[in-house]
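Take a look at the structure set out below.
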Amino acid sequence: MGIYMGIGPQITYPDSECLIELVREMPLELLLLETDAPFLPPSHLIGESAKPDMISFVAEKISSLRGDVTAQEVLDIARENAKLLYNIK
Numbered sequence: 001m002g003i004y005m006g007i008g009p010q011i012t013y014p015d016s017e018c019l020i021e022l023v024r025e026m027p028l029e030l031l032l033l034e035t036d037a038p039f040l041p042p043s044h045l046i047g048e049s050a051k052p053d054m055i056s057f058v059a060e061k062i063s064s065l066r067g068d069v070t071a072q073e074v075l076d077i078a079r080e081n082a083k084l085l086y087n088i089k
């Protein structure tokens, strides 16, 4: 289908029920990660500016929600998906 889903820090917010359900159900082949830097930090860092290195919090949350993949695997899968999307060798 050619559609990817970018998941960012909003997944760490408890009122993101629809996004949480999507992440639990979606094929990982569609997953991209984003930070929304500098605007939206993970929920436990409200008041700080978001930074690119906060992507690990998104991966950790996805891992904990799904239970079938580690945070490192989430990062690896999203990296490979981005390479495919942007035709990076």
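For the sequence shown, the residue numbers in UniProt numbering are 1 to 89.
Glycine included, every Cβ here is placed at the ideal spot set by N, Cα and C.
| query | Thinking C-alpha only, which one of 66, 69 and 5 is nearest residue 33? | reply | What you label residue 33 is simply residue 33 of the sequence shown in a count that begins at 1. Considering only 66, 69 and 5, the residue with the shortest C-alpha distance to residue 33 is 5.
| request: Find the nearest neighbour of residue 68 within the set 7, 28 and 22, judged by alpha-carbon distance. | output: Sequence index remark: in the sequence shown, residue 68 carries index 68 (1-based). When only C-alpha atoms are compared, the closest one is 28.
| query | Is the beta carbon of residue 56 sitting closer than 8 Å to the one on residue 71? | reply | Within the sequence shown, numbered from 1, the residue matching residue 56 stands at position 56. Within the sequence shown, numbered from 1, the residue matching residue 71 stands at position 71. With contacts defined as CB atoms closer than 8 Å, residue 56 and residue 71 qualify as a contacting pair.
| Alpha-carbon spacing of residue 86 relative to residue 61, whole angstroms | Position 86 of the sequence shown holds residue 86. Position 61 of the sequence shown holds residue 61. The alpha-carbon separation between residue 86 and residue 61 amounts to approximately 25 Å.
| message | Pop quiz: residue 9 and residue 41 are said to be a contact at Cβ under 8 Å. What is the actual Cβ separation, rounded to whole angstroms? | response | Your numbering for residue 9 matches position 9 in the sequence shown. Your numbering for residue 41 matches position 41 in the sequence shown. Contact between residue 9 and residue 41 holds: their C-beta atoms lie close to 6 Å from each other, under 8 Å.
| task | Select from 82, 43, 59 and 39 the residue whose C-alpha is nearest the C-alpha of residue 74. | result | By one-based count along the sequence shown, residue 74 stands at place 74. For the options 82, 43, 59 and 39, the alpha carbon positioned closest to that of residue 74 is the one of 59.
| query | In whole angstroms, what separates the C-alpha of residue 15 from that of residue 43? | reply | Mapped onto the sequence shown, residue 15 falls at position 15. Mapped onto the sequence shown, residue 43 falls at position 43. The alpha-carbon atoms of residue 15 and residue 43 are separated by roughly 11 Å.
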